[in-house]
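Number of protein chains: 2
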Amino acid sequence: MVELDQRKRVVLRAVVEAYVRSAEPVGSEHPALLEELRVSPATIRGVLAALEEIGLLTHPHTSAGRVPTDQGYRAYVDMVVEGERLTPAERSAVRRRLGAGGEEPESLTDQAARVLASITQYASVVASPTLGAQTFASLHLLPLGERRALAVIVTDAGTLQGRAIELPDGVAADDLERLSHAVTRRLQGLRVADLTRDRLEQVTGEVSRHQHVLEALKAWLTRDLTREGRARLRVEGTRHLLREPEFRQPEAATSVLEALEEHTVLAQTLAAAPEAGVLISIGSENQAAELRACSLVAASYRVGGRPGGVVALVGPTRMRYRRAASAVRYVADRLSEALGNPA
Amino acid sequence: MVELDQRKRVVLRAVVEAYVRSAEPVGSEHPALLEELRVSPATIRGVLAALEEIGLLTHPHTSAGRVPTDQGYRAYVDMVVEGERLTPAERSAVRRRLGAGGEEPESLTDQAARVLASITQYASVVASPTLGAQTFASLHLLPLGERRALAVIVTDAGTLQGRAIELPDGVAADDLERLSHAVTRRLQGLRVADLTRDRLEQVTGEVSRHQHVLEALKAWLTRDLTREGRARLRVEGTRHLLREPEFRQPEAATSVLEALEEHTVLAQTLAAAPEAGVLISIGSENQAAELRACSLVAASYRVGGRPGGVVALVGPTRMRYRRAASAVRYVADRLSEALGNPA
DNA sequence: TTTTAGCACTCTCCGGGCAGGAGTGCCAAC
DNA sequence: GTTGGCACTCCTGCCCGGAGAGTGCTAAAA
């Protein structure tokens, strides 16, 4: 990255902020620029040309003003470190939605996605805590009528994951309980992702009478870790995107909506979110082609002190980055708090 | 409704089907009409004019062909009773996604929404089984560290609902178990919606030592039934809607997306779905103003033999009703099967 | 009485051409 | 280094006219 002198920085910043606000190309006589620099339009033209030269701005056509390129946004984002604080009202809205306490992780992430979308007016994505990263607390086999039981895993974050399994004849409630306890004792404290077949084999000895039940459990656990182990994504507020002028052409809108509904693509991008701070991925920086028209602002939250999941915003590249970063960080932190008090 | 003679019925049907296929107004010389009736365009013009007279067709402007009105679609739908069978491949796709068995209701409804959207290319909505309508099977208090426990309700359909509660000092694991059993014994077999405070009061006597735990449970149960009692909606495949020509104007698209993201509005409309058969609500027939540009095709599914929830499709009024009705019915039935074997 | 052919009419949908406006780039003067 | 002036480019909106599509009406044919 070429170093920018003071004046170029001021101009870049002013152009980005004016353009983000109005969605209109900004010309050399734009009031924000004149006021910021107190020099004539002609002088500003020179700076604009220079910024275009190094690839931070473009103009759509000869007689249009300047528009930031993806690199321009990047330079802006790197330059402007501080976020744009949320208003007290917004903060308290977030706290209210997440602060109830005792809620299930699933419904908390739901709330997080909704509140994030509503305060920022962008689309929000929240990856619920991956089961795999959580700590296994206990297994329960709850009788469900005569020949069925509900196997339930509980994690220390309070996540429940259940599945009905068929029982062979002659398995008493006591047997189920003994079996649950045996498995729980054996596996307690492990990360769910570590509940491999091998670990489960060790339990066999103690309760060998119920080999098939164990077998069903193994099948479930190992399958779950591969399939459900991928975080479930909640997407909220896609409607806000349609209001943005860049998504008024139906093709643009469709491609973004597709990206947002195609969770695998999104999940990959989110995986890059750092543990602290905020990931900002701008337009062409996105791996996924469908997301090239958007930017993504993501922050991780923690569950019981460990990495848990990601909250993110998706908007046009012409995005309020500072505000988005603050919002994402704030919601992630409150979510960490809400999910963060393991026993 | 005015009775239609044979010819008018044939013409209406042909116009609707041609328009649904092509999204272009159909004129008196449209091949489908000529072939169907084997009369001259001039004759057909007369019939078209008559259908317009009684409000089943319009034309956007003088020199355009005819387009069905909402009443036209309604007459068509009422007239054409049989659905359009899904292909064997589509049926097996549905069965594959829902047939695994032993899945949790939550993930089954997820699958249902996805498969429905993918085979029909419309937006799908699935209301997961309301907790309230299910039968309470058991309550469990699972220790979660020193002074916390996870209260879990299990229904006979295998739905889990949990919430962490704080414990006062000196509550042993045994106590929790006794308490769980007492509550379970007392309430087993009731509908979850019937777990009122009154019912819970009856338990008090037996385990009065743990009054505060019971108090927390009551608070949770009664709150849950009002708040979470509302079904959670999953919306899938909104991207397909943007492909439809009627939603190419951004305003139209936004209003539909808003309706789909604003679950309360949608929920009301879905509530009208009959237990058997299929609800078809066309354009202006929808209560919700945001849905006036769409049609909604919905069918109910059952959980353990009782009314459970609704699956629906949302598309433009120019919708493949017969196909949508079949798809919705088929998915609802398979979902009923998957959720239908209570112990 | 119903059907058909003919015809005038209406309206939309391009494409071209033209004026207005915005913003640039360059240059000469300060 | 900064500024004012000026020519230049290109988009945008607008009007206009012709082509095309489909209608409604009427008079003749079946």
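Quick note, the sequences are listed as chains V and F, same order. So in the working numbering, spot 248 of the first sequence is number 248, and the numbers just go up one at a time. So in the working numbering, spot 258 of the second sequence is number 1258, and the numbers just go up one at a time. All C-beta atoms, glycine included, are put in the ideal place defined by N, C-alpha and C.
- Pick from V:L241, V:E82, V:V183: whose alpha carbon is nearest that of V:E399? Shown here, chain V extends from 1 to 343; a query on residue 399 of chain V therefore has no answer.
- State the CB to CB distance for the pair F:V1235 and F:V1125, rounded to an integer number of angstroms; the pair is presumed to be in contact (CB under 8 Å). Stepping through the second sequence from its first residue, residue 1235 of chain F is reached at position 235. Stepping through the second sequence from its first residue, residue 1125 of chain F is reached at position 125. Right, their Cβ atoms sit about 5 Å apart.
- Exposure of F:G1046, with buried meaning 16 or more beta-carbon neighbours within 10 Å: Here residue 1046 of chain F refers to the residue found at position 46 of the second sequence. F:G1046 should be labelled exposed.
- Message: List, from N- to C-terminal side, the beta strand (DSSP E) runs of 3 residues or more that fit wholly inside the stretch 255-282 of chain V.
- Response: Counting only runs of at least 3 residues, the stretch 255-282 of chain V fully encloses the following beta strand (DSSP E) elements, listed from N- to C-terminal order: 279-282.
- Assigned exposure category for V:E244 - 16 Cβ within 10 Å defines buried: For the purposes of this step, residue 244 of chain V is taken as residue 244 along the first sequence, with counting starting at 1. V:E244 is buried by the Cβ-count criterion.
- Three-way DSSP call (helix, strand, coil) for V:P143 in this model: By one-based count along the first sequence, residue 143 of chain V stands at place 143. Residue state, collapsed to three classes: strand.
- Item | Contacts of V:H140 in chain F (Cβ-Cβ under 9 Å) | Counting from 1 along the first sequence, the entry for residue 140 of chain V is found at position 140. For V:H140, the chain F residues whose C-beta falls within less than 9 Å of its own C-beta are H1140, L1142, V1152, listed in chain order.
- Item | Helix, strand or coil at F:T1043 according to DSSP, with G and I counted as helix | Stepping through the second sequence from its first residue, residue 1043 of chain F is reached at position 43. In the structure shown, F:T1043 adopts helical secondary structure according to DSSP, grouped into three states.
- Message: Can you confirm whether V:A253, when its beta carbon is compared against all beta carbons of chain F, has any partner nearer than 8 Å?
- Response: Counted from its first residue, the first sequence places residue 253 of chain V at position 253. Closer than 8 Å: yes.
- Below 8 Å between beta carbons: does that hold for V:K8 and V:A49? As a first step, residue 8 of chain V must be located in the first sequence, where it is residue number 8. As a first step, residue 49 of chain V must be located in the first sequence, where it is residue number 49. The answer is no: Cβ separation not under 8 Å.
- Message: Rounded to whole angstroms, what is the Cα-Cα separation between F:S1128 and F:E1104?
- Response: Here residue 1128 of chain F refers to the residue found at position 128 when the second sequence is read from its first residue. Here residue 1104 of chain F refers to the residue found at position 104 when the second sequence is read from its first residue. Straight-line Cα distance between these residues: approximately 11 Å.
- Query: Considering only residues of the same chain and omitting the five flanking positions on each side of V:S138, which have a CB-CB separation below 6 Å?
  - Reply: Here residue 138 of chain V refers to the residue found at position 138 when the first sequence is read from its first residue. Cβ within range, chain order: V154, T184.
- At 8 Å on the CB atoms, spell out the chain V contacts of F:T1238, in chain order. Against the second sequence, residue 1238 of chain F aligns to sequence position 238. Result: T238, L257, E261.
- Chain-ordered chain F contacts of V:R248 [CB-CB under 7 Å]: By 1-based counting over the first sequence, the position of residue 248 of chain V is 248. Per Cβ cutoff of 7 Å: P1250.
- Could you check if F:E1146 is buried or exposed, using at least 16 other CB atoms within 10 Å of its CB as the buried criterion? The residue you call residue 1146 of chain F lines up with position 146 of the second sequence. Per the 10 Å Cβ criterion, exposed.
- Message: With the cut-off set at 8 Å, would you say F:F1136 and F:V1192 are in Cβ contact?
- Response: Your numbering for residue 1136 of chain F matches position 136 in the second sequence. Your numbering for residue 1192 of chain F matches position 192 in the second sequence. Contact: yes.
- Task: Please confirm if V:L214 has its CB atom under 8 Å from at least one CB of chain F.
- Result: Taking the first sequence and counting its residues from 1, the one referred to as residue 214 of chain V is at position 214. It does not: the Cβ of V:L214 has no partner Cβ on chain F nearer than 8 Å.
- Helix, strand or coil: which one does DSSP assign to F:E1251? Counting from 1 along the second sequence, the entry for residue 1251 of chain F is found at position 251. Assigned with DSSP and collapsed to three states, F:E1251 falls in helix.
- Item | Own chain, CB closer than 7 Å to V:L257, minus 5 neighbours either side, in chain order | Here residue 257 of chain V refers to the residue found at position 257 when the first sequence is read from its first residue. Correct list, in chain order: T238.
- Helix, strand or coil for V:V344, going by three-state DSSP, please let me know. Past the boundaries of the shown model lies residue 344 of chain V; chain V is included only from 1 to 343, so the question cannot be answered.
- Buried/exposed call for V:G283, threshold 16 Cβ in 10 Å: As a working mapping, residue 283 of chain V is identified with position 283 in the first sequence. Buried.
- Message: Please determine whether the Cβ atom of V:A332 lies at a distance below 7 Å from any heavy atom of the ligand ZN.
- Response: Of the ligands one can find in the structure shown there are none, so the ligand ZN has no counterpart to examine.
- Task: Taking only the alpha-carbon atoms, compute the straight-line gap between V:Q259 and V:C294 and give it to the nearest angstrom.
- Result: For this step, residue 259 of chain V is matched to residue 259 along the first sequence. For this step, residue 294 of chain V is matched to residue 294 along the first sequence. Checking the sequence, you will find Ala at residue 259 of chain V rather than Gln. Looking at the two C-alpha atoms, the distance is approximately 10 Å.
- Go to F:I1119, then tell me how far its alpha helix (DSSP H) extends in each direction, as first and last residue. As a first step, residue 1119 of chain F must be located in the second sequence, where it is residue number 119. Here the alpha helix (DSSP H) through F:I1119 covers 1105-1120.
- Message: If you measure between the beta carbons of F:A1312 and F:V1297, is that distance less than 8 Å?
- Response: Taking the first residue of the second sequence as 1, we reach residue 1312 of chain F at position 312. Taking the first residue of the second sequence as 1, we reach residue 1297 of chain F at position 297. Yes, these two residues count as a Cβ contact at 8 Å.
- Can you give me the Cβ contacts of V:T222 inside the same chain, cut-off strictly under 6 Å, excluding the 5 residues immediately before and after it? For this step, residue 222 of chain V is matched to residue 222 along the first sequence. For V:T222, where only same-chain residues beyond five positions count, the Cβ hits under 6 Å are R197.
- Answer yes or no: does any C-beta atom of chain F fall closer than 8 Å to that of V:E104? Here the question's residue 104 of chain V lines up with position 104 in the first sequence. It does; some Cβ of chain F falls within 8 Å.
- When the cut-off is 8 Å and only beta carbons count, does F:G1158 lie next to chain V? Residue 1158 of chain F sits at position 158 when you count from the first residue of the second sequence. It does: the Cβ of F:G1158 has a partner Cβ on chain V nearer than 8 Å.
- Express the C-alpha separation of F:S1326 and F:E1084 in angstroms, rounding to a whole number. Locating residue 1084 of chain F in the second sequence gives position 84, counting from the first residue. Locating residue 1326 of chain F in the second sequence gives position 326, counting from the first residue. Straight-line Cα distance between these residues: approximately 6 Å.
- Query: Can you find a C-beta in chain V that's less than 8 Å from the C-beta of F:R1223?
  - Reply: Walking along the second sequence from the start, residue 1223 of chain F turns up at place 223. Answer no: the Cβ-Cβ gap between F:R1223 and chain V never drops below 8 Å.
- Message: Using beta carbons (cut-off 8 Å, strictly below), is F:R1243 in contact with chain V?
- Response: In the second sequence, the residue the question calls residue 1243 of chain F occupies position 243. Among the residues facing chain V, F:R1243 is included, as its CB has a counterpart in that chain under 8 Å away.
- Message: My output table needs one value for V:V80: the three-state DSSP class, helix, strand or coil.
- Response: What you label residue 80 of chain V is simply residue 80 of the first sequence in a count that begins at 1. In the three-state DSSP reduction, V:V80 falls in the coil class, being neither helix nor strand.
- At least one CB of chain F closer than 8 Å to the CB of V:A137: is that the case? Locating residue 137 of chain V in the first sequence gives position 137, counting from the first residue. Output row for V:A137: interface = yes.
- Query: Any beta-carbon of chain V closer than 8 Å to the one on F:P1342?
  - Reply: As a first step, residue 1342 of chain F is located in the second sequence; it is residue number 342 there, counting from the start. Low confidence applies to F:P1342: its pLDDT is 46, below 50, so where it sits in the model is not reliable enough to give any reading.
- Query: Using the rule of at least 16 other Cβ atoms within 10 Å of the residue's Cβ for burial, across every protein chain shown, is F:Q1211 buried or exposed?
  - Reply: In the second sequence, residue 1211 of chain F corresponds to position 211, counting from 1. With fewer than 16 Cβ atoms within 10 Å of its Cβ, F:Q1211 is classed as exposed.
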